[in-house]
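Per the working numbering, the sequence shown starts with residue 297, numbered consecutively.
For each residue, glycine too, the CB sits at the ideal point set by N, CA and C.
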Amino acid sequence: MKSIPDTQVPPAVRTRRTISRTRTIVFILEIGLILALLIVWLSSESIRQSKSLWILFFYNFPSQFLIAIVPHEPVFLYFSKFYSPLSVTFVAIVGTSLAEVLNYSVFKYVGDLKPVKNVHYSKTVNKLIIFFNKAPFATLLVAGFTPVPFYPFRFLVVLARYPLLKYILAIFLSRTPRFYLLALFGYTFKIPDYLLPVIFILLTIPFSYPMIRSFLKSKRDKNDGS
297 MKSIPDTQVP PAVRTRRTIS RTRTIVFILE IGLILALLIV WLSSESIRQS
347 KSLWILFFYN FPSQFLIAIV PHEPVFLYFS KFYSPLSVTF VAIVGTSLAE
397 VLNYSVFKYV GDLKPVKNVH YSKTVNKLII FFNKAPFATL LVAGFTPVPF
447 YPFRFLVVLA RYPLLKYILA IFLSRTPRFY LLALFGYTFK IPDYLLPVIF
497 ILLTIPFSYP MIRSFLKSKR DKNDGS
């Protein structure tokens, strides 16, 4: 069966194809950017020890992206030893707000995929959306300020079709005081450098432990089966 040339396809269909292709390219570039920043930061000791606020700015992207596989707190505490709480907070909130725009875009792309769309119709997800829509802005303010895992809300705002601008405003209003208190703590107490890696590891345990346990369980089940 021959394919229909683009010149014979209705303009509306061609537009949908172009948008879909463009969104896919943007999605790949967004993921590539985060991976590149994360690899550079993890592989370069000089960058990790740098006192440039640009490092803090770019670190916000991998540390605030999707499920945040690296914690932001130790890096904030590190920079708070050299800069005022206001400076650290300003750089952190700008970087975080931009990272959340990427999160919204990525989750929206993933949410439009057919396998994920089916999740939207499940009873549990619908109940969560209904509950969230009762007070979405207040919910985001509380979740953004408190130390609860925030990544479920990143997906929830997309499923609930919550406006991006309101979402970023909630991020700004909730994260700014949280970041300031964290920066003020680091500025006041000057956490020693040797303790920061310990804090980093401790904060990654809640994320890594379930994956490690699942990996060990699957490996054990495989060995038992053989």
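Helix, strand or coil: which one does DSSP assign to residue i?
i    : result
F459 : Before going on, a small fix: residue 459 reads as Pro here, not Phe. Three-state DSSP puts P459 in coil, outside helix and strand.
Y379 : coil
S514 : helix
S346 : coil
F323 : helix
R312 : At R312 the pLDDT is 43, less than 50, meaning the model places this residue with poor confidence and gives no usable figure here.
Distance, Cα to Cα, residue i vs residue j?
i    : j    : result
F357 : V384 : 15 Å
V454 : Y463 : 10 Å
P459 : V406 : 17 Å
T435 : F428 : 7 Å
S348 : F386 : 14 Å
R344 : A364 : 18 Å
V336 : L394 : 19 Å
I426 : R474 : 27 Å
I495 : K486 : 14 Å
Y476 : Y374 : 14 Å
My guess is that residue i and residue j are in contact by the Cβ rule of under 8 Å, so how many angstroms apart are they, rounded?
i    : j    : result
G391 : F353 : 5 Å
F361 : L478 : The pair is not a contact, with the Cβ atoms about 19 Å apart (cut-off 8 Å).
Please identify the residue among the options whose C-alpha is closest to the C-alpha of residue i.
i    : options                : result
F433 : I467, P367, S339, I365 : I467
Y379 : L492, I501, L480       : L480
S470 : Y400, I389, P381       : I389
Y483 : L338, L465, P445, P381 : P381
L398 : I497, F323, Y490       : F323
I330 : R319, S340, S359       : S359
Item to check | Runs of alpha helix (DSSP H) wholly within the segment 396–478 (minimum 4 residues, chain order) | outcome: 410–416, 419–430, 432–441, 447–455
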